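Enquirer: After the structure tokens below, expect a handful of questions from me.
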Amino acid sequence: MTTSKNTLSKLLADTKFSHECEELLSCLPKDKGFFAEYLYQYQGFWYPPNILEGVLYSQKHFQAKDSDIILVSSPKSGTTWLKALVFALIHRHEFQNPQESHPLLDNNPHTLVPFIEGFQFHNQDASPSIFSTHIPLVSLPESVKDSSCKVVYCCRNPKDAFVSLWHFVKSLVLEEMVGCTMEEMVSGFCRGSSVYGPFWDHALEYWKESRENPEKVMFVMYEEMREQPKDWVLRIAEFLGCSLTEEEIEKGVLEDIIKLCSLENLSKLKVNEKGKLVNGMETKAFFRKGEIGGWTDTLTPSLAEEIDKTTEQKLIGSDFRFFC
Ligand code: PAP
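In the UniProt record's numbering, the protein residues as written are 1 to 324.
Okay, here's the thing in structure tokens:
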């Protein structure tokens, strides 16, 4: 706990920003943050400065290839799971006995599928390459929009995503967070000033894009995947052009992938129980309960209502609905 706190505080405090980022920060709207002292609003969405630096860098330098796969989500909406599933799907022919030998047994999914705003996209030789991001649609690097790469967006209901974020931040015990109550954090989340927020706009933009451009963007819900993982993994495989054959299904390949990537399995692996990412984050922070509707044990009825009211307002005029 102490190591994590020190490493992260140091990481945030020591970040040196580019001249471009420093200049931009000086003129962007800012609001009180909980990851860093301030969040900054850029192209309609809110970021801590170190993440904004990564967004600007990826906008400038990330070159998507037609064969690339980009996994997108708001924070705490199923990113780690989706990364594991898609990695296992794409590489399934290389590992015949995945319960015994597989990169996911020795590497956290975030190591195998890097975030493009994490400055880690230079080794793009593999085909397809799998990347991930929390960047909203409006701010994606142009090459993602212009190429034929595929985008899979994972969405989660706002109360569970918020609660997951709350526990994540708490488990990392960021010094910057001291003094931020849950009431303040819900208030920030609801007015949109949350990391990569507004949460609702993020989901709605990708949902709309998935309707208008279904060959390019697939929209999946964490809760639906939890309830029917087999169906959704098959659909994702089809969307990505790597459908499972009847023979593979008969041989149990689908079950193997789901078992390998399950919360139960991944969370017990040494690399995820005791490991750290390159930025110092403890990997165990990415695995908790994975429940649908688990927010009830953390949110008071009035805080839940505050989030529900925001959801109601944000969805006026849209036929999109979150799960539960
Ligand atoms: P990130 O955005 O920081 O990468 P992300 O993986 O999207 O985090 O979200 C973490 C949530 O996914 C946690 O939910 P909880 O806090 O409500 O429990 C975590 O438990 C859940 N999760 C992580 N891995 C899996 C998995 N393999 N299957 C299902 N859920 C998972």
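Even glycine gets a Cβ: it sits at the ideal position worked out from N, Cα and C. Since the model is a prediction, treat every value here as computed from it, not as a measurement.
Going by other Cβ atoms of all chains shown within 10 Å of its Cβ, with 16 needed for buried, is residue 328 buried or exposed?
Expert: Residue 328 is absent from the structure shown; the chain starts at 1 and stops at 324.
Enquirer: According to DSSP, is I69 part of a helix, a strand, or is it coil?
Expert: By one-based count along the sequence shown, residue 69 stands at place 69. The answer is strand: DSSP assigns I69 an E or B state.
Enquirer: Cβ of L263 versus every heavy atom of the ligand PAP: is any distance shorter than 8 Å?
Expert: Here residue 263 corresponds to residue number 263 of the sequence shown, with the count starting at 1. It does: the Cβ of L263 is within 8 Å (strictly closer) of some heavy atom of the ligand PAP.
Enquirer: Please list the terminal residues of the continuous beta strand (DSSP E) segment that includes P154.
Expert: By one-based count along the sequence shown, residue 154 stands at place 154. At residue 154 the sequence reads Cys, which differs from the Pro that was named. Segment K150 to C155, the beta strand (DSSP E) holding C154.
Enquirer: The alpha helix (DSSP H) with I257 in it runs from where to where?
Expert: Within the sequence shown, numbered from 1, the residue matching residue 257 stands at position 257. Run containing I257: V253 to L260, per the alpha helix (DSSP H) assignment.
Enquirer: With the cut-off set at 9 Å, would you say F121 and L71 are in Cβ contact?
Expert: Counted from its first residue, the sequence shown places residue 121 at position 121. Counted from its first residue, the sequence shown places residue 71 at position 71. Not in contact: F121 and L71 (Cβ atoms no closer than 9 Å).
Enquirer: Just to check my reading of the structure: L260 and Q99 have Cβ atoms closer than 8 Å, yes? What is that Cβ distance to the nearest angstrom?
Expert: What you label residue 260 is simply residue 260 of the sequence shown in a count that begins at 1. What you label residue 99 is simply residue 99 of the sequence shown in a count that begins at 1. Right, their Cβ atoms sit about 7 Å apart.
Enquirer: By the three-class DSSP mapping on this structure, what secondary structure does I135 have?
Expert: Counted from its first residue, the sequence shown places residue 135 at position 135. If DSSP states are grouped into helix, strand and coil, I135 belongs with coil.
Enquirer: Could you say if the stretch 146-157 and the stretch 49-69 meet the contact criterion of at least three C-beta pairs nearer than 8 Å?
Expert: Judged by Cβ distances under 8 Å, the stretch 146-157 makes contact with the stretch 49-69, as three or more pairs qualify.
Enquirer: What is the DSSP secondary structure of E282, reduced to helix, strand or coil?
Expert: Mapped onto the sequence shown, residue 282 falls at position 282. In the structure shown, E282 sits in a strand (DSSP, three-state: E or B).
Enquirer: Is the distance from the Cβ of I135 to the Cβ of S193 below 9 Å?
Expert: In the sequence shown, residue 135 corresponds to position 135, counting from 1. In the sequence shown, residue 193 corresponds to position 193, counting from 1. Cβ atoms of I135 and S193: not closer than 9 Å.
Enquirer: According to DSSP, is L316 part of a helix, a strand, or is it coil?
Expert: In the sequence shown, counting from the first residue as 1, residue 316 sits at position 316. Checking the sequence shown, residue 316 turns out to be Ile, not Leu. Reduced to three states, the DSSP call for I316 is coil.
Enquirer: Tell me the DSSP bridge mates of Q41?
Expert: For this step, residue 41 is matched to residue 41 along the sequence shown. BP columns for Q41 point to W46.
Enquirer: For S73, verify whether its CB is less than 8 Å away from any heavy atom of the ligand PAP.
Expert: Your numbering for residue 73 matches position 73 in the sequence shown. Within the cutoff, so yes.
Enquirer: Where do the N-terminal and C-terminal ends of the alpha helix (DSSP H) with K208 fall, by residue?
Expert: Counting from 1 along the sequence shown, the entry for residue 208 is found at position 208. F199 to E212 is the span of the alpha helix (DSSP H), which, as asked, contains K208.
Enquirer: Sorted by chain position, which residues of the same chain lie with C-beta nearer than 6 Å to P141's C-beta, five sequence neighbours on each side aside?
Expert: Position 141 of the sequence shown, counting from 1, holds the residue named residue 141. Excluding residues within five positions, the ones whose Cβ falls inside 6 Å are S58, Q59 and F62.
Enquirer: State the beta-bridge partners of V271 as determined by DSSP.
Expert: Here residue 271 corresponds to residue number 271 of the sequence shown, with the count starting at 1. V271 is not bridged to any residue.
Enquirer: In three-state DSSP terms, what is residue 374?
Expert: The structure shown does not extend to residue 374, since the chain is modelled only from 1 to 324, so the question has no answer here.
Enquirer: Shorter than 8 Å, the distance from the beta carbon of S194 to the closest heavy atom of the ligand PAP, or not?
Expert: In the sequence shown, residue 194 corresponds to position 194, counting from 1. S194 Cβ: outside cutoff for every heavy atom of the ligand PAP.
Enquirer: Who are the Cβ neighbours of S73 in its own chain at under 6 Å, not counting the five residues just before and after it?
Expert: Numbered from 1 along the sequence shown, position 73 holds the residue referred to as residue 73. Correct list, in chain order: T79 and C154.
Enquirer: Should G293 be listed as close to the ligand PAP, given that the test is whether its C-beta is under 8 Å from any heavy atom?
Expert: In the sequence shown, residue 293 corresponds to position 293, counting from 1. Checking every heavy atom of the ligand PAP against the Cβ of G293, none is found closer than 8 Å.
Enquirer: Going along the chain, which unbroken runs of the alpha helix (DSSP H) with 4 or more residues stay wholly within the stretch 103-129?
Expert: You should have 103-106 and 109-112.
Enquirer: Taking the C-alpha atoms as reference points, what is the distance between K170 and E305?
Expert: Along the sequence shown, read from residue 1 onward, the residue named residue 170 stands at position 170. Along the sequence shown, read from residue 1 onward, the residue named residue 305 stands at position 305. Answer to the nearest angstrom: the Cα atoms are 22 Å apart.
Enquirer: With a Cβ-Cβ cutoff of 9 Å, do S164 and K76 count as a contact?
Expert: Taking the first residue of the sequence shown as 1, we reach residue 164 at position 164. Taking the first residue of the sequence shown as 1, we reach residue 76 at position 76. It is a contact, given that the beta carbons lie within the stated cut-off.
Enquirer: Use the C-beta contact count for H202: other C-beta atoms within 10 angstroms, 16 or more gives buried, fewer gives exposed.
Expert: By 1-based counting over the sequence shown, the position of residue 202 is 202. So H202 ends up on the buried side.
Enquirer: Expressed to the nearest angstrom, what Euclidean distance is found between the alpha-carbon atoms of L254 and R92?
Expert: Working through the sequence shown from its first residue, we reach residue 254 at position 254. Working through the sequence shown from its first residue, we reach residue 92 at position 92. So the alpha carbons of these two residues sit roughly 10 Å apart.
Enquirer: Does the separation of the CB atoms of V271 and N107 fall below 9 Å?
Expert: Indexing the sequence shown from 1 puts residue 271 at position 271. Indexing the sequence shown from 1 puts residue 107 at position 107. Their beta carbons are under 9 Å apart, which means V271 touches N107 by this criterion.
Enquirer: Where do the N-terminal and C-terminal ends of the alpha helix (DSSP H) with K145 fall, by residue?
Expert: For the purposes of this step, residue 145 is identified with residue 145 of the sequence shown, where counting begins at 1. It spans E142 to D146 - the alpha helix (DSSP H) in which K145 sits, taken as one unbroken run.
Enquirer: With DSSP as the reference, label V220 as helix, strand or coil.
Expert: As a first step, residue 220 is located in the sequence shown; it is residue number 220 there, counting from the start. Three-state result, V220: strand.
Enquirer: Can you check which of these residues, L89, L277, V278 and L137, is closest to P128 by C-alpha distance?
Expert: The residue you call residue 128 lines up with position 128 of the sequence shown. Here the closest residue by C-alpha is L89.
Enquirer: Would you say the beta carbon of Y222 is closer than 8 Å to some non-hydrogen atom of the ligand PAP?
Expert: Start at 1 with the first residue of the sequence shown, and residue 222 comes out as number 222. Correct: Y222 has its Cβ closer than 8 Å to the ligand PAP.
Enquirer: Using a Cβ-Cβ cutoff of less than 8 Å, which residues in the same chain neighbour K83 once the five nearest sequence positions on both sides are dropped?
Expert: Reading the sequence shown from its first residue, position 83 is the one you call residue 83. Excluding sequence neighbours, K83 sits near L71, P109, H110, L112, V113, I130 and S132.
Enquirer: Leaving aside the five residues before and after L52 along the sequence, list all residues of the same chain whose C-beta is less than 7 Å from its C-beta, in chain order.
Expert: For the purposes of this step, residue 52 is taken as the residue at position 52 of the sequence shown. Only C21, Y40 and Y42 meet the Cβ criterion.
Enquirer: For residue 328, which residues in the same chain have their Cβ closer than 7 Å to its Cβ, ignoring the five residues on either side in sequence?
Expert: Summary: the structure shown does not reach residue 328, with the chain confined to residues 1 through 324, and so no result is reported for it.
Enquirer: Tell me which same chain residues have a C-beta within less than 8 Å of the C-beta of K30, skipping the five on either side of it?
Expert: Mapped onto the sequence shown, residue 30 falls at position 30. So the list reads Y38, L39, Y40 and Q41, once near-sequence residues are dropped.
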